[in-house]
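For reference, the structure discussed in these notes is given below.
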Amino acid sequence: MGTGFCNTYKQFLAVRALFGIAMGGLYGNVAAMALEDCPQKARGIISGMLQQGYAFGYLLATVFARAFVNTTPHGWRPLYWFGSAVPVLIIIFRLFLGETDAYNERVRIRESGDNIGKTFVKEGKIALKKHWTLLIYMVLLMAGFNFMSHGSQDLYPTMLTNQYNFSPNAVTVTQVVANLGAITGGTTIGYLSQTFGRRFSIIVVCILGGALLYPYSFVSNERIMAAAFFEQFCVQGAWGVIPIHLMELSPGSLRAFVVGTSYQLGNLASSASSTIEATIGEKFPLPPKIEANGKKVPRDEYGKVICIFMACVFVYVILLTLLGPERRGRSLDAADDEDLAEAAGPDAVEKARHGAIREGSDSDEAKVGGEFNARRDSQ
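At position 315 of the sequence shown (counting the first as 1) the number is 315 in UniProt numbering, and the numbers step up by one without a gap.
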């Protein structure tokens with residue numbers, strides 16, 4: 001909402017920075033909530049569906065941008081005013097959801113130890129000491145993935161308009177088709193990763209995505225829509241594996257933090273992708289475009305730039321994925337977390353299972369008391 005009322009660039013930067021802080025805290029928590037209690041056989045498809053909320057949101061943003069931007073006397077501002085209503089719906093939806101069983105189980109185990117605060121801090125220290133190399137790997141991997149999505153998407157509308165003279169409506173349709181491909185790819189490849197493996201699925205779709213780069217960036221007529229569909233099928237197909245892949249790799253005690261932080265640090269690293277592409281594009285100038293009023297508009301060969309840039313990104317992601325670990329099927333239950341058991345003490349897990357929860361517990365399951373635990377033990 002506030003962005004729509006900014007009148008200077010400094011105001012815009014300040015508001016967007018605050019927005020980024022709030023937005024940045026969502027991804028890790030959302031991934032944990034969606035996948036911690038997910039049945040193991042459904043992890044892949046749920047991961048793909050979760051991640052393609054991004055593509056579906058991008059699709060809606062494309063349509064609404066065409067509907068609201070420069071169609072009223074307020075210019076671009078109505079898009080932000082309209083977008084401010086969406087979080088209200090999400091807040092209402094989240095208010096009706098409880099915590100996950102995995103989270104409640106972890107709280108019970110912490111409460112069964114000597115001091116819940118000390119246990120939590122000790123968990124973090126143990127996780128960082130034992131898994132710091134893995135955390136660095138995840139940040140590097142997410143940098144590659146964010147370069148992959150931003151590198152293939154950010155300058156694509158500019159390429160269609162500036163290089164291939166697409167009309168605003170044609171650009172919108174192409175973007176919608178591309179995001180339909182993204183939604184299809186993310187869900188499909190996420191599902192297949194449950195059978196064929198996380199790394200194998202990522203590597204295969206990256207190879208296919210690389211093979212499709214030429215038509216994606218050099219076809220200059222409406223047939224480019226087909227290339228856009230399948231290219232984003234591959235890009236977001238690889239992304240569809242990421243939520244569950246990161247969840248399975250992350251140490252349990254820092255799962256939401258690690259998933260969210262690695263994603264956002266990767267996003268930070270890739271934020272310069274459009275600037276990099278635009279700078280490279282200046283090395284490949286095209287004849288200027290002459291508008292109806294006689295004004296000359298400079299043009300660059302963004303198709304070639306996107307093709308070269310994305311080829312490098314695909315190679316980087318393939319190599320990093322090939323060299324990295326995979327823990328498909330790993331238990332996400334707190335009872336199976338060795339770091340938590342080490343931090344809370346050897347008897348904490350058994351105490352939690354048998355209802356030895358400290359008085360005044362805040363966990364959802366603790367409120368149910370001995371009846372819940374007795375039912376669980378009987379099973």
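Idealized CB from N, CA, C, for every residue including glycine.
Just so we're clear, the structure is a prediction, and the values are computed from it rather than from any experiment.
- Here DSSP, grouped into helix, strand and coil, assigns residue 10 to helix.
- Contact between the stretch 226 to 235 and the stretch 149 to 157 is established, with three or more Cβ pairs separated by less than 8 Å.
- Using a Cβ distance threshold of 8 Å, residue 251 and residue 47 do not count as a contacting pair.
- For the pair residue 78 and residue 197, the Cα-to-Cα distance works out to about 44 Å.
- For residue 297, the secondary structure class from DSSP, reduced to helix, strand or coil, is strand.
- Short of 7 Å from the beta carbon of residue 316, and not among the five residues preceding or following it, lie these beta carbons of its own chain, in chain order: 144.
- Counting of Cβ neighbours within 10 angstroms places residue 166 among the buried residues, the total reaching 16 or more.
- Residue pairing by DSSP places residue 90 opposite no residue, since no beta bridge is assigned to it.
- The DSSP-derived three-state label of residue 286 is strand.
- Secondary structure at residue 76: coil, using DSSP grouped into helix, strand and coil.
- Residues 256 of the same chain have their beta carbon placed closer than 6 Å to that of residue 29, with the five preceding and five following residues left out of the count.
- A residue is called buried when at least 16 other Cβ atoms come within 10 angstroms of its Cβ; residue 22 does not meet this threshold and is exposed.
- Around the C-beta of residue 117, fewer than 16 other C-beta atoms lie within 10 Å, and the residue is accordingly described as exposed.
- If you compare the alpha carbons of 270, 20, 324 with that of residue 310, the shortest gap goes to 270.
- In the structure shown, residue 196 falls within a helical segment according to DSSP collapsed to helix, strand and coil.
- Counting every other CB atom within 10 Å of its CB across the protein chains shown gives residue 264 a total of 16 or more, marking it as buried.
- Membership of residue 27 in the alpha helix (DSSP H) is indicated by the continuous run 26 to 35.
- Going by DSSP, residue 5 is part of no alpha helix (DSSP H) at all; its letter is neither H nor E.
- For residue 323, the enclosing alpha helix (DSSP H) has its first and last residue at 302 to 323.
- In the structure shown, residue 38 falls within a coil segment according to DSSP collapsed to helix, strand and coil.
- For residue 54, the enclosing alpha helix (DSSP H) begins and ends at 53 to 68.
- Around the C-beta of residue 121, fewer than 16 other C-beta atoms lie within 10 Å, and the residue is accordingly described as exposed.
- Between residue 69 and the set 313, 324, 169, the nearest pair of CA atoms involves 169.
- Judged by their CB atoms, residue 274 and residue 241 are not nearer to each other than the 8 Å cut-off.
- The beta-carbon separation of residue 332 and residue 36, rounded to 5 Å, stays under the 8 Å limit for a contact.
- In the displayed model, residue 71 falls within coil according to three-state DSSP, outside both helix and strand.
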